[in-house]
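A.B. asks:
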Amino acid sequence: MRILIVEDEANVRSFLQNAMKVLRSGVKVDTANHGADGLKLARRQWYDLIITDYHMPKMDGIDLTFTLRQEGYTMPIVMISADPIVEPYALNAGANLFLAKPVSLENLRYMLNVFGL
Numbered sequence: 010m011r012i013l014i015v016e017d018e019a020n021v022r023s024f025l026q027n028a029m030k031v032l033r034s035g036v037k038v039d040t041a042n043h044g045a046d047g048l049k050l051a052r053r054q055w056y057d058l059i060i061t062d063y064h065m066p067k068m069d070g071i072d073l074t075f076t077l078r079q080e081g082y083t084m085p086i087v088m089i090s091a092d093p094i095v096e097p098y099a100l101n102a103g104a105n106l107f108l109a110k111p112v113s114l115e116n117l118r119y120m121l122n123v124f125g126l
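When the letters of the sequence shown are read in order and numbered with the working numbering, they come out as residues 10 to 126.
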């Protein structure tokens with residue numbers, strides 16, 4: 010399984026990366042600091058799951074999600090944000106699931122189970 014984490018906050022990015030490795034042994038995790046880099050990675054590598062923050066420099070999670078969906082990306086995309094008002098925008102852009110920050114290990118376990126990963 011291969012996961013892409015797109016998050017500009019280093020501590021959150023690190024937590025998500027480590028959590029994925031704890032929850033699923035053998036998982037390969039790539040990371041990007043902002044949406045534009047995340048888009049470049051997703052265009053080069055197919056991921057089983059993308060977890061993206063909403064608010065980031067250069068390209069936010071909404072634009073990243075919308076662009077990937079327009080380009081035919083069908084795998085699950087999960088958007089995270091500390092601002093729950095973002096949820097309907099995330100889902101309208103094509104996100105499969107929205108998780109509110111702070112994200113817990115249990116939230117992430119649930120997320121993986123929902124997508125059968």
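Think of the CB as a built atom: it goes at the ideal place given N, C-alpha and C, for glycine as much as any other residue.
So, at 7 Å on beta carbons, what are the nonlocal neighbours of residue 45 in its own chain, with the 5 sequence-adjacent residues on each side left out?
C.D. replies: 67, 68
A.B. asks: Leaving out five residues on either side along the sequence, give the residues of the same chain with a beta carbon under 7 Å from the beta carbon of residue 50.
C.D. replies: 13, 39, 41
A.B. asks: Tell me the rounded alpha-carbon separation between residue 114 and residue 35.
C.D. replies: Distance between the alpha carbons of residue 114 and residue 35: 17 Å.
A.B. asks: Under three-state DSSP, which class holds residue 117?
C.D. replies: helix
A.B. asks: Does DSSP classify residue 33 as helix, strand or coil?
C.D. replies: coil
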